[in-house]
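Here the protein sequences come in this chain order: A and B.
Sequential numbering from 5 applies to the first sequence in the working numbering.
Sequential numbering from 5 applies to the second sequence in the working numbering.
The structure appears below as structure tokens.
2 protein chains.
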Amino acid sequence: MECCTPVFEGVLNADEAVHTADLLTALGDPARLRIVSMMAAAPGGSVCGCELEGPLGLAQPTVSHHLRILREAGLIAGDRRGRWVHYRVVPERLAEITDALRPRVPTG
Amino acid sequence: MECCTPVFEGVLNADEAVHTADLLTALGDPARLRIVSMMAAAPGGSVCGCELEGPLGLAQPTVSHHLRILREAGLIAGDRRGRWVHYRVVPERLAEITDALRPRVPTG
DNA sequence: TCGATGTATTGATGATTGTCGATACATCGA
DNA sequence: TCGATGTATCGACAATCATCAATACATCGA
Numbered sequence: 005m006e007c008c009t010p011v012f013e014g015v016l017n018a019d020e021a022v023h024t025a026d027l028l029t030a031l032g033d034p035a036r037l038r039i040v041s042m043m044a045a046a047p048g049g050s051v052c053g054c055e056l057e058g059p060l061g062l063a064q065p066t067v068s069h070h071l072r073i074l075r076e077a078g079l080i081a082g083d084r085r086g087r088w089v090h091y092r093v094v095p096e097r098l099a100e101i102t103d104a105l106r107p108r109v110p111t112g
Numbered sequence: 005m006e007c008c009t010p011v012f013e014g015v016l017n018a019d020e021a022v023h024t025a026d027l028l029t030a031l032g033d034p035a036r037l038r039i040v041s042m043m044a045a046a047p048g049g050s051v052c053g054c055e056l057e058g059p060l061g062l063a064q065p066t067v068s069h070h071l072r073i074l075r076e077a078g079l080i081a082g083d084r085r086g087r088w089v090h091y092r093v094v095p096e097r098l099a100e101i102t103d104a105l106r107p108r109v110p111t112g
């Protein structure tokens, strides 16, 4: 006995799914969301790594770990200014997430 | 020696961050992304659970596991039609993610 | 009532993750 | 050159996760 509509392939193939899932996973952590939020809200759009440890309440290696994940996902970029590294959001990369989600929302 | 701008609190507090991270984590898996994609692309906007096992290449308990996570996150909803359960995307919940991300993107 | 079929749960397992202490690397001021 | 300070990496550990076989639950047709 058949159920309903015939089997179909999803519009999102396996590779696309892995790519988008990587971005979502990189951002899917409270600490990393707050980091990105801080950067977006910072005057000039960038924040010194040394400012994150305190507000987040995390140890320095942990912050560095999260920054690395965000950096490797391309969601943030950092440039060294002497002793410090200033990080900023990469808007195009963030938009990639919303772009991947928007078409999936049926307006109705 | 001071670094740069004074320490500031991120615009995203801990609770908000956890909430948004939960949504991103629920969606941050290739299988779950494809499931949502299939529902959004399905005629009528809903898909029978029995159709997912094949295209995804996953065992039935695994599919059920992913459906549960998406359901508990409020991203999908399912109603039983006799022997089968039809699932559909909850657009408002998906929009919650894009809404949480959009304001963080500085346009410039 | 009973077998068939779709769905959910349980239990187990290997892999991944978030966290931090210890430590190494990088850069500055003296 | 040397100590101080910001950053990155290493190693370890507990927690979580994705996966599936086995099994239980739910519903239909006969």
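Quick reminder that beta carbons are idealized off the backbone N, C-alpha and C, glycines included.
- Fully contained in the stretch 13-100 of chain B are the following alpha helix (DSSP H) runs of length 4 or more, in chain order: 18-31, 34-45, 57-60 and 64-76.
- Nearest to A/E96 by C-alpha distance, out of A/L79, A/L62 and A/T24, is A/L79.
- In this structure, A/R85 is the residue among A/A35, A/R85, A/D33 and A/A99 with its C-alpha nearest to the C-alpha of A/S50.
- Straight across, the Cα-Cα distance linking A/N17 with A/T66 is about 34 Å.
- Contact annotation: in the stretch 33-48 of chain B, residues whose CB is within less than 9 Å of a CB in chain A are D33, P34, A35, R36, L37, R38, I39, V40, S41, M42, M43, A44, A45, A46, P47 and G48.
- Across the structure, A/L60 and A/I101 are spaced so that their CA atoms are roughly 24 Å apart.
- Between A/G48 and B/V94, the alpha-carbon positions lie close to 37 Å from each other.
- Rounded to whole angstroms, the separation of the alpha carbons of A/C54 and B/A99 is 33 Å.
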